[in-house]
Amino acid sequence: MSARRAVESGVPELEPYLHPLLKKNYGSWKWHDRPRPGVLHHVAHSGDEVWTVRAGTQRQLDVYTVRALCDIGDRYADGYMRFTARSNVEFMVANEAQVAPLIEALGKGGFPVGGTGNSISMISHTQGWLHCDIPATDASGVVKALMDELHEEFIHERMPNKLRISTSCCEINCGGQADIAINIQHTKPPRINHDLVGNVCERPTVVARCPVAAIRPALVNGKPSLEIDERKCMCCGACYPPCPPMMINDPENSRIAIWVGGKHSNARSKPSFHKLVMANLPNNPPRWPEVAAAVKGIIRAYQGDAHDWERMGEWIERIGWPRFFTLTGLPFTKFHVDNWRGSRGSLNASTHLRF
Ligand code: SF4
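Numbering (this note's numbering), first residue to last: 12 to 366.
#1: Are the CB atoms of proline 123 and isoleucine 166 nearer to each other than 7 Å?
#2: What are the start and end residues of each continuous beta strand (DSSP E) run of 3 or more residues lying completely inside the stretch 146–201, in chain order?
#3: CB alanine 147 to CB isoleucine 226, shorter than 7 Å?
#4: Let me confirm a value: valine 211 is counted as buried when at least 16 other C-beta atoms fall within 10 Å, else exposed. Which label applies?
#5: At a cut-off of 6 Å, is isoleucine 183 close to the ligand SF4 when judged by its beta-carbon and the heavy atoms of the ligand?
#6: Hey, would you say proline 252 sits closer than 7 Å to valine 208, going by beta carbons?
#7: Out of Glu182, Met258 and Thr127, point me to the one whose CA is closest to alanine 150's CA.
#8: Closest to glutamate 325 by C-alpha separation, out of Lys286, Lys307, Arg93 and His30, would be which residue?
#9: Enumerated in chain order, which unbroken segments of the beta strand (DSSP E) with a length of 3 residues or greater are wholly contained in the stretch 14–101?
#10: So, are the CB atoms of valine 288 and leucine 341 less than 7 Å apart?
#11: Does the beta carbon of alanine 249 fall short of 6 Å from some heavy atom of the ligand SF4?
#12: Quick check: is any heavy atom of the ligand SF4 less than 6 Å from the C-beta of methionine 245?
#13: In terms of residue numbering, what span does the beta strand (DSSP E) encompassing asparagine 291 cover?
#14: Could you tell me the alpha carbon to alpha carbon distance between tyrosine 91 and arginine 279, rounded to whole angstroms?
#15: When you measure from the CB of alanine 268 to every non-hydrogen atom of the ligand SF4, does any distance come out below 6 Å?
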């Protein structure tokens, strides 16, 4: 009997799904331009031309919406579509005359056309309540609420450079690939459900998981459990995935923080770290108005003051942080300054080795 072979279930081969002209001219494009926001025009060395129409979606797509998009693709495009990393949907057509009816059909279906060039493209987000195992907020809900407010900046190209935003539903895993990152921030150590720890958690794994060695095994009410040194805990939430009884998600104390700049936020300077500019915003569904106000304040300041083609990180680098806080109207507090005094408590003080 032959050995059972593993079934490869990764990402399928791209090529069979490409528009025939993309397949034919793969890697052989001569030039491209953008005839209008949301439309890309590529010309190949062979002389072939392809128009790509990009539209926004609500990010989490239900099957009815996917079918509606497929119907538009079958009827108005050449039967091909694809999604970008930010869940923009793109249709490719081989004839310029197909572009206007396609845009009209997308508009009627409620899908705004835009997201190209110096615009705010769709906001990327982590999976949130749908299928993340540790979410403290519904990242996709924050995105939907924000994109509703930023619709005009999606359909126009009037930013100094492209502006990318991301939202993250926990503090430790995904998120942050953007000029503006909206991240969950826990502000209180986990509460431990001692009745469950013994049955649910591998205690050595949880102890090893803590980056500041704040967790110890303990016997509570005669049962094996854990205890936290709350003076050391930095409320990262890393102990929650391997041990859900370390309950850190909290409607009041899991807040939202905003970070700007970072390695994705430059076009010609060196990569840099994101910097925290706003903390302790309420996690306030369904519209997260406080987050929207803070993000829009940053966007308007950038839009009004940055030079052409400056990414957000470069703009802040040029004007300096004091002016950034003045222009955005965000409060500057002592918590924004880390002079590393007391860093024993805020840096990794664990002797654990991790690979
Ligand atoms: Fe606190 Fe993070 Fe350690 Fe859990 S893993 S005890 S949240 S520092």
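Positions of the beta carbon are idealized from the N, C-alpha and C atoms, including for glycine.
Nothing here was measured: the structure is a model prediction, and the numbers come from that model.
To lay it out plainly:
#1: Numbered from 1 along the sequence shown, position 112 holds the residue referred to as residue 123. Numbered from 1 along the sequence shown, position 155 holds the residue referred to as residue 166. A Cβ-Cβ contact shorter than 7 Å links proline 123 with isoleucine 166.
#2: Positions of the beta strand (DSSP E) runs, each at least 3 residues long and wholly inside the stretch 146–201, are given as 176–179 and 191–197 in order along the chain.
#3: Translated into positions along the sequence shown, residue 147 becomes position 136. Translated into positions along the sequence shown, residue 226 becomes position 215. Against a cut-off of 7 Å, the Cβ pair of isoleucine 226 and alanine 147 comes out as no contact.
#4: On the sequence shown, residue 211 is found 200 positions in, with the first residue counted as 1. Label assigned to valine 211: exposed.
#5: On the sequence shown, residue 183 is found 172 positions in, with the first residue counted as 1. For isoleucine 183, the distance from the CB to the nearest heavy atom of the ligand SF4 is not below 6 Å.
#6: Your numbering for residue 252 matches position 241 in the sequence shown. Your numbering for residue 208 matches position 197 in the sequence shown. Not a contact, by the Cβ cut-off of 7 Å.
#7: The residue given as residue 150 occupies position 139 in the sequence shown. For alanine 150, the nearest C-alpha among the options comes from Glu182.
#8: Taking the first residue of the sequence shown as 1, we reach residue 325 at position 314. Ranking the options by Cα distance to glutamate 325, first place goes to Lys286.
#9: Whole beta strand (DSSP E) segments, 3+ residues: 40–47, 50–55, 60–66 and 92–94.
#10: Taking the first residue of the sequence shown as position 1, residue 288 is located at position 277. Taking the first residue of the sequence shown as position 1, residue 341 is located at position 330. Taking 7 Å as the Cβ cut-off, valine 288 and leucine 341 qualify as a contacting pair.
#11: For the purposes of this step, residue 249 is taken as the residue at position 238 of the sequence shown. Alanine 249 Cβ: within cutoff of the ligand SF4.
#12: For the purposes of this step, residue 245 is taken as the residue at position 234 of the sequence shown. Yes.
#13: Locating residue 291 in the sequence shown gives position 280, where the first residue counts as 1. Per DSSP, asparagine 291 belongs to the beta strand (DSSP E) from 285–292.
#14: Counted from its first residue, the sequence shown places residue 91 at position 80. Counted from its first residue, the sequence shown places residue 279 at position 268. So the alpha carbons of these two residues sit roughly 35 Å apart.
#15: As a first step, residue 268 is located in the sequence shown; it is residue number 257 there, counting from the start. Set against 6 Å, the gap from the CB of alanine 268 to the closest heavy atom of the ligand SF4 is not smaller.
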